[in-house]
Amino acid sequence: MQKEYEGIINQARAEHNLGREGIEKLLSCDGQALDFLFAAADQVRRTFMGDAVHLRGLIEFSNYCESNCAYCGLRESHKTLPRYRLDAAEILAIAGAAVPLGYKTVVLQSGEDSYYSAEMIAEITCRLKEELSLAVTLSLGERAEEDYRLWRDAGADRYLLKHETADAELYSSLHPDMAWENRKKCLYTLRELGYQVGSGCMVGLPGQTLTSLAADLLFLKELDVEMAGIGPFIPNPNTPLAKAQRGTVELTLKMIAIARLLMPQTHLPATTALGSVDSKGRQKALVAGANVVMPNITPNKYRRLYEIYPNKICLDDNPAHCRNCIGGIISSLGRTVAEGAGHSPKEQFTLGLG
Ligand code: SAH
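And the structure:
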């Protein structure tokens, strides 16, 4: 039995490829086979991505949302949540304060908030690039192709839009106002526009099977993403999924490890969600294939209001404290904080960057 798992893991490690059945099999391994899987993923991470861990400073700039995703605390129907929006000057100031802490990338994330016109976001992007020389990742959900194009022209380097689940039936039951086909279309549009594309999924959603999870990994591989965020689903009491079970740390780590075997050059974050369900969750991910951390640099007074799920870590911390804490975690693992912007190592994104 053990030999059989080892065979699949060695094949995946050598070929960076697995079919649905192989993935499902690995998702159900345990004991020694599980240790072997994590060690293989850690080795592939070291070979292809090195020991440096990339930091991305996350700015949660608006918690207004026009969508009603069944799992998310920012959903429009959550009427008692106080809402906030940061303006351009505030976003620039937060990013400016992150530069001396060593950040080379900021991620601007919000709910689906059409208050921000495409032009507003383009201008902020342009200023982050020109005034602060930061790499910019945008994560504003589904928008029109013209918006994505304008932001790319303004200099946005990356776009993060998780596919959430590649199980079309599950996707439609969780997203009453969004369609799986459109999510895919957005992701392929971002790809065509030359963004470094980030996507990803939640693990342990109610109704999600090992076959659904295998489909998630095959979808990420097919899209050939530059970044894949994989985190546990955490039930939020202010959503219709309040009573659902949360995703497990172990299954999430297996997904990250298999993602690393299949996509050796893809950035894989040790997600905040994983750190929120297990105090050592991010450390565990960093030794099972992950090579990125996204510390929160949102000012303290807003953090609590960006409550996509409960008990999010670091709610009382400030950006300098988070930076120190993450630095400590990384060095305790014998790793270093990356110095560059952390672009995708794939050739098309490194050519001409120097
Ligand atoms: N509006 C943006 C940002 C959404 S919030 C967008 O659609 O891209 C960022 C991520 O948080 C989501 O992509 C989702 O994967 C995750 N998330 C939301 N609710 C969650 C929950 N209850 N548990 C775990 N992750 C959740």
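Under my numbering, the first residue of the sequence shown carries the number 4, and numbering increases by one thereafter.
Just so it is clear, CB atoms sit at the ideal spot from N, CA and C, and this is done for glycine as well.
Considering only C-alpha positions, which residue in the set D180, A171, V110 and D156 is nearest to Y162? Here residue 162 refers to the residue found at position 159 of the sequence shown. Looking at the Cα atoms, V110 is the closest of the given residues.
Rounding to the nearest angstrom, what Cα-Cα distance links F390 and C328 in this structure? Outside the displayed span of the chain (4 to 357) sits residue 390, for which this structure offers no information.
If we count Cβ pairs, one from each stretch, closer than 8 Å, do we get three or more for the region 197 to 215 versus the region 162 to 176? With contact defined as three or more Cβ pairs closer than 8 Å, the region 197 to 215 and the region 162 to 176 are in contact.
Any heavy atom of ligand 1 within a distance shorter than 7 Å of the CB on N71? Translated into positions along the sequence shown, residue 71 becomes position 68. No; taking the cut-off as 7 Å, the Cβ of N71 has no heavy atom of ligand 1 nearer than that.
The beta strand (DSSP E) with P322 in it runs from where to where? Numbered from 1 along the sequence shown, position 319 holds the residue referred to as residue 322. Per DSSP, P322 belongs to no beta strand (DSSP E); it is in the alpha helix (DSSP H), P322 to S335.
Sequence-distant residues of the same chain with beta carbon closer than 8 Å to T339, five excluded per side: In the sequence shown, residue 339 corresponds to position 336, counting from 1. Once the five neighbours on either side are set aside, the close Cβ partners of T339 are D54, A55, V56 and I333.
Is it true that the region 259 to 269 meets the region 57 to 77, where meeting means three or more beta-carbon pairs spaced less than 8 Å apart? no
Determine which residues share a DSSP beta bridge with S347 and list them. Taking the first residue of the sequence shown as position 1, residue 347 is located at position 344. None, per the DSSP bridge assignment.
Just tell me which of A44, A157 and I300 has its CA closest to the CA of L104. Taking the first residue of the sequence shown as position 1, residue 104 is located at position 101. Closest in alpha carbon position to L104, among A44, A157 and I300, is I300.
Cβ of F222 within 7 Å of any heavy atom in ligand 1? Start at 1 with the first residue of the sequence shown, and residue 222 comes out as number 219. The answer is no for F222.
Measure the alpha-carbon distance for T212 versus W183 and round it to whole angstroms. To locate residue 212, count along the sequence shown from 1; it is residue 209. To locate residue 183, count along the sequence shown from 1; it is residue 180. Those two C-alpha atoms are separated by around 17 Å.
Excluding the five sequence neighbours on either side, which residues of its own chain have a C-beta within less than 7 Å of the C-beta of G278, listed in chain order? As a first step, residue 278 is located in the sequence shown; it is residue number 275 there, counting from the start. Around G278: G284, R285 and I316.
One question on the structure: do P322 and A101 come within less than 8 Å of each other, judged by their Cβ atoms? Residue numbering aside, residue 322 sits at position 319 when the sequence shown is read from its first letter. Residue numbering aside, residue 101 sits at position 98 when the sequence shown is read from its first letter. Yes, Cβ-Cβ distance for P322 and A101 is below 8 Å.
Going by DSSP, what residue range makes up the beta strand (DSSP E) through C204? Translated into the one-based positions of the sequence shown, residue 204 becomes position 201. Residues Q199 to V206.
Near ligand 1: C317 beta-carbon under 7 Å from a heavy atom: In the sequence shown, counting from the first residue as 1, residue 317 sits at position 314. No; taking the cut-off as 7 Å, the Cβ of C317 has no heavy atom of ligand 1 nearer than that.
So A273 and V252 are in contact, right, with Cβ under 8 Å, and what is the actual spacing, rounded? Numbered from its first residue, the sequence shown carries residue 273 at position 270. Numbered from its first residue, the sequence shown carries residue 252 at position 249. A273 to V252, Cβ: 12 Å. No contact.
Please list the terminal residues of the continuous alpha helix (DSSP H) segment that includes R48. As a first step, residue 48 is located in the sequence shown; it is residue number 45 there, counting from the start. Its alpha helix (DSSP H) spans residues G34 to M52.
Where do the ends of the alpha helix (DSSP H) carrying F222 lie? Indexing the sequence shown from 1 puts residue 222 at position 219. Per DSSP, F222 belongs to the alpha helix (DSSP H) from L213 to L226.
Starting from R161 and walking both ways along the alpha helix (DSSP H), at which residues does that stretch end? On the sequence shown, position 158 is the one that residue 161 refers to. Unbroken run through R161 is the beta strand (DSSP E), R161 to L163; no alpha helix (DSSP H).
Tell me the DSSP bridge mates of I97? Start at 1 with the first residue of the sequence shown, and residue 97 comes out as number 94. In DSSP, I97 forms no bridge with anything.
Residues passing the C-beta test against ligand 1 heavy atoms, cut-off 6 Å: Y74, C75, Q112, G114, E115, S142, G144, L164, K165, E167, M205, G234, F236, I237, N239, A276, I311 and Y312
Report yes if the CB atom of R326 is closer than 8 Å to the CB atom of L318, and no otherwise. Here residue 326 refers to the residue found at position 323 when the sequence shown is read from its first residue. Here residue 318 refers to the residue found at position 315 when the sequence shown is read from its first residue. For R326 and L318, no; Cβs fall outside 8 Å.
How far does the alpha helix (DSSP H) with Q5 in it extend, from its first residue to its last? Locating residue 5 in the sequence shown gives position 2, where the first residue counts as 1. Its alpha helix (DSSP H) spans residues Q5 to E18.
Indicate the three-state DSSP secondary structure (helix, strand or coil) for I316 in the structure shown. Translated into the one-based positions of the sequence shown, residue 316 becomes position 313. It is coil, neither helix nor strand.
M181 to S175 span [Cα, whole Å]: Along the sequence shown, one-based indexing puts residue 181 at 178. Along the sequence shown, one-based indexing puts residue 175 at 172. Pairing M181 with S175, the inter-Cα distance amounts to about 7 Å.
Three-way DSSP call (helix, strand, coil) for G105 in this model: Stepping through the sequence shown from its first residue, residue 105 is reached at position 102. Of the three classes helix, strand and coil, the one that applies to G105 here is coil, per DSSP.
Would you say L308 and G292 are within 8 Å of each other, going by their C-beta atoms? Here residue 308 refers to the residue found at position 305 of the sequence shown. Here residue 292 refers to the residue found at position 289 of the sequence shown. It is not a contact, given that the beta carbons lie outside the stated cut-off.
Where the alpha helix (DSSP H) containing E310 begins and where it ends: Translated into positions along the sequence shown, residue 310 becomes position 307. Unbroken run through E310: none, as it is neither H nor E.
Is it buried or exposed for K287, if we count other Cβ within 10 angstroms and need 16 for buried? The residue labelled residue 287 in the question sits at position 284 within the sequence shown. With 16 or more neighbouring CB atoms inside 10 Å of its own CB, K287 falls in the buried class.
Tell whether a beta-carbon distance below 8 Å holds between L135 and A98. Locating residue 135 in the sequence shown gives position 132, counting from the first residue. Locating residue 98 in the sequence shown gives position 95, counting from the first residue. A distance below 8 Å separates the beta carbons of L135 and A98.
Let me make sure I understand the geometry here. Which of Y312, G60, N303 and D116 has the alpha-carbon closest to that of A245? Start at 1 with the first residue of the sequence shown, and residue 245 comes out as number 242. A245 has its Cα closest to that of Y312, out of Y312, G60, N303 and D116.
Distance check for G158 and C129, CA to CA, integer angstroms please. Numbered from its first residue, the sequence shown carries residue 129 at position 126. Numbered from its first residue, the sequence shown carries residue 158 at position 155. C-alpha separation (whole angstroms): 6 Å.
Boundaries (first-last residue) of the beta strand (DSSP E) holding E63: By one-based count along the sequence shown, residue 63 stands at place 60. Counting along the chain, the beta strand (DSSP E) containing E63 begins and ends at G60 to S65.
In angstroms, rounded to a whole number, what distance separates the CA positions of F41 and V290? Counting from 1 along the sequence shown, the entry for residue 41 is found at position 38. Counting from 1 along the sequence shown, the entry for residue 290 is found at position 287. Using only the alpha carbons, I get a separation of about 7 Å.
Where A169 falls, given that 16 or more other Cβ within 10 Å makes a residue buried: As a first step, residue 169 must be located in the sequence shown, where it is residue number 166. It counts as buried.
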